[in-house]
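Reviewing the structure listed below.
Protein chains: 2
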Amino acid sequence: MKLAILGTGTVGLTLASRLTGLGHDVMLGTRNADETSVRNTKDNYGGPSFMEWHALNIQVKLGTFSQAASFGELIINATQGANTINALNIAGEGNLMNKVLIDVTNPLDFSKGMPPTLLPELCNTNSLGEEIQRLFPKTKVVKALNTMWCGLMVDPAMIGNGNHNVFICGNNTDAKLKVKELLQQFGWNQQDIVDLGDITAARGTEMILPLWLRIMGSVGSGAFNFKIVKK
Amino acid sequence: MKLAILGTGTVGLTLASRLTGLGHDVMLGTRNADETSVRNTKDNYGGPSFMEWHALNIQVKLGTFSQAASFGELIINATQGANTINALNIAGEGNLMNKVLIDVTNPLDFSKGMPPTLLPELCNTNSLGEEIQRLFPKTKVVKALNTMWCGLMVDPAMIGNGNHNVFICGNNTDAKLKVKELLQQFGWNQQDIVDLGDITAARGTEMILPLWLRIMGSVGSGAFNFKIVKK
């Protein structure tokens, strides 16, 4: 499948590598493709620069937000939360129309220092997932994968034999089916994919970010996830 | 131990029954003890009225917020979130001073309809746990147990052999040790009690409420909990 990933941070690159490895045709979208293509600074976690990463993932195409959105049959939003709406506007409503958009981003607010909080206008009575769906009503938005470190998104078997949960929500049933198929390609067991209903459930999955950060501090690593234990 | 539980809703009564069964001396605190003592309406979930419950739990004392707070060596806040600060003011700063207060309450906002959201002034950049600690600086506030249905709070073995997590946080290490002891009396395994650090972590545990509600809708019951899966 032709996939567009908007955003060239750690999350976007992790998804791009994995999807290419699965045989998909991937284009990364960025604000300024010429600048990104020669970015030689390490990422925020000391990982490879974009140039180093791209040399090892040469099959991945690079374009503008608009070129990528036009290319992709399915779009993944992995831009920063505070920039998402602007990035999607640049990508262009027409290029997103009638397509499934998987939103993996949390609306983090770094303006008040660390640890980040959530952008107040996208918290509690709203969410980034809902905001995208409201502004792009002809796009089929599915919130997914935003409750974990990106390494686990694409390789759940890394911990607990993959026996833990990923949440999805969105207004369109067919779109959620497509996302479930993609998640299963990543290695998620069908029974571990929890459909929480319509896109308003994105409030719930985005709002666990503060707990996630504190648990990361306690565990000492991002390589953990939640499992629902029930009767 | 002499324990006070502020609040006579389902959570307060569940905690009172269990703590009495464990041999503790428990007083429930309420706004108007005379009114509560003759309350004969079913609870919100169709469970026993206060009168029916008290007939089966006659060892549990009933008093005003102030009487209960004065009685208890350790206090549990199980009042409604929107009423908590008022209830604690009535209980009296002097009666709460130098004591451990376990806050099990979420700051639910029912004013915008169902499902509830969180009170905006106690969400994202603040929390109920922090607010109590700020207003009662000589009380040792420990946030705990607020991430699950009250049946599981006091009987974790009900699901998954008790192999799931409870979160605690607070500024005072000795107070957290006392709370851990109480949790172990309820049946929590020591290794499943996750200390998230200071009271600001209450933001995280309170903010999972919206996700919790959606999972309850998906599971069809409140008898579920989160387990952290890691390497």
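Residue numbers (this note's numbering), protein chains in the order written: chain B, 1 to 231; chain F, 1001 to 1231. We put the beta carbon where it would ideally sit given N, CA and C, even for glycine. Predicted model only: the values in this text are computed from it and were never measured.
Checklist line | Residues bridged to D25(B) (per DSSP) | finding: DSSP output for D25(B) lists K2(B) as bridge partner(s).
Margin query: With H, G and I counted as helix, E and B as strand and the rest as coil, what does DSSP make of T30(B)?
Written below: T30(B): strand per DSSP, three-state reduction.
Item checked: Residues, ordered as in the chain, of the segment 1108-1121 of chain F that lie near chain B by beta-carbon distance below 8 Å -> When CB distances to chain B are screened at a threshold of 8 Å, the residues of the segment 1108-1121 of chain F falling below it are K1112, T1117, L1118 and P1120, in chain order.
Next item on the list: Have a look at N163(B), R31(B) and E52(B) and flag the residue whose alpha-carbon is nearest the alpha-carbon of A78(B).
Entry: Looking at the Cα atoms, R31(B) is the closest of the given residues.
Check: Cβ of L1119(F) within 7 Å of Cβ of D1103(F)?
Finding: Judged by beta-carbon spacing, D1103(F) lies beyond the 7 Å limit of L1119(F), meaning their Cβ atoms are not closer than that value.
Notebook entry, point to check: Hey, is N1106(F)'s beta-carbon within less than 7 Å of any beta-carbon in chain B?
Noted result: No - not a single Cβ of chain B is within 7 Å of the one on N1106(F).
Check: Given that a residue counts as buried once 16 or more other Cβ atoms are within 10 Å of its Cβ, and exposed if not, what is G23(B)?
Finding: For G23(B), the number of other beta carbons within 10 angstroms of its own is below 16, and it is reported as exposed.
Checklist line | Reduced DSSP category for I1159(F) - H, G, I as helix; E, B as strand; rest coil | finding: In the structure shown, I1159(F) sits in coil (DSSP, three-state: anything other than H, G, I, E or B).
Note to self: In this structure, how does DSSP classify A68(B) when only helix, strand and coil are distinguished?
What the structure shows: A68(B) falls in the helix class under three-state DSSP.
Item checked: As assigned by DSSP and simplified to three states, the class of D1195(F) -> Looking at D1195(F) - three-state DSSP - the assignment turns out to be strand.
Check: Using Cβ-Cβ distances below 9 Å, what residues of the segment 64-84 of chain B are close to chain F?
Finding: Of all residues in the segment 64-84 of chain B, none has a Cβ within less than 9 Å of some Cβ in chain F.
Checklist line | Members of the segment 1172-1190 of chain F near chain B, C-beta cut-off 9 Å | finding: Among the residues of the segment 1172-1190 of chain F, none has a Cβ less than 9 Å away from any Cβ of chain B.
Check: Is the shortest distance between the beta-carbon of N126(B) and the beta-carbons of chain F less than 7 Å?
Finding: No - not a single Cβ of chain F is within 7 Å of the one on N126(B).
Next item on the list: Could you tell me whether the Cβ of C1150(F) comes closer than 7 Å to any Cβ of chain B?
Entry: Chain B contact via Cβ: absent.
Item checked: Contacts that L196(B) makes with chain F (C-beta to C-beta distance below 9 Å) -> Under a criterion of Cβ atoms nearer than 9 Å, the residues of chain F adjacent to L196(B) are, in order, L1211, R1214, I1215, G1217 and S1218.
Next item on the list: State the Cα-Cα distance for the pair L1028(F) and V1038(F), rounded to the nearest angstrom.
Entry: For L1028(F) and V1038(F), the distance between alpha carbons rounds to 14 Å.
Item checked: With 16 other Cβ atoms within 10 Å as the buried cut-off, status of L1128(F) -> That one is buried.
Note to self: Less than 7 Å between C-beta atoms, sequence neighbours within five positions excluded: which residues of the same chain meet that for V1011(F)?
What the structure shows: Once the five neighbours on either side are set aside, the close Cβ partners of V1011(F) are A1078, V1104 and C1150.
Note to self: Tell me the residue span of the beta strand (DSSP E) that contains G217(B).
What the structure shows: Note, G217(B): premise wrong, no beta strand (DSSP E); alpha helix (DSSP H) at L209 to V219.
Checklist line | Cβ-Cβ distance between N961(F) and S1049(F) below 7 Å | finding: Residue 961(F) lies beyond the range of chain F shown here (1001 to 1231); nothing can be said about it.
Notebook entry, point to check: V219(B): which of L1196(F), F1224(F), I1215(F) and V1026(F) sits nearest, CA to CA?
Noted result: Among L1196(F), F1224(F), I1215(F) and V1026(F), the Cα nearest to that of V219(B) belongs to L1196(F).
Next item on the list: Answer with buried or exposed for T147(B), where buried requires no fewer than 16 other C-beta atoms within 10 angstroms of its C-beta.
Entry: A residue is called buried when at least 16 other Cβ atoms come within 10 angstroms of its Cβ; T147(B) meets this threshold and is buried.
Next item on the list: Check V1060(F) in the structure and name its three-state DSSP category.
Entry: In the displayed model, V1060(F) falls within coil according to three-state DSSP, outside both helix and strand.
Next item on the list: To the nearest angstrom, report how far apart N1086(F) and P156(B) are at their CA atoms.
Entry: Spanning the two alpha carbons is a distance of roughly 46 Å.
Note to self: For the segment 153-170 of chain B, list every residue whose C-beta sits within 8 Å of some C-beta in chain D, in sequence order.
What the structure shows: In the displayed structure, chain D is absent; the protein chains listed are B and F.
Checklist line | Cβ-based neighbour list, L96(B), same chain, cut-off 7 Å, excluding 5 preceding and 5 following | finding: Counting only Cβ-Cβ distances below 7 Å, and skipping sequence neighbours, we find A69, I75, L88, F136 and T139.
Checklist line | Per-residue DSSP class, three states only, for N1083(F) | finding: For N1083(F), the three-state secondary structure derived from DSSP is helix.
Next item on the list: Output the distance between the C-alpha atoms of T1026(F) and A144(B), rounded to the nearest integer angstrom.
Entry: At residue 1026(F) the sequence reads Val, which differs from the Thr that was named. Straight-line Cα distance between these residues: approximately 45 Å.
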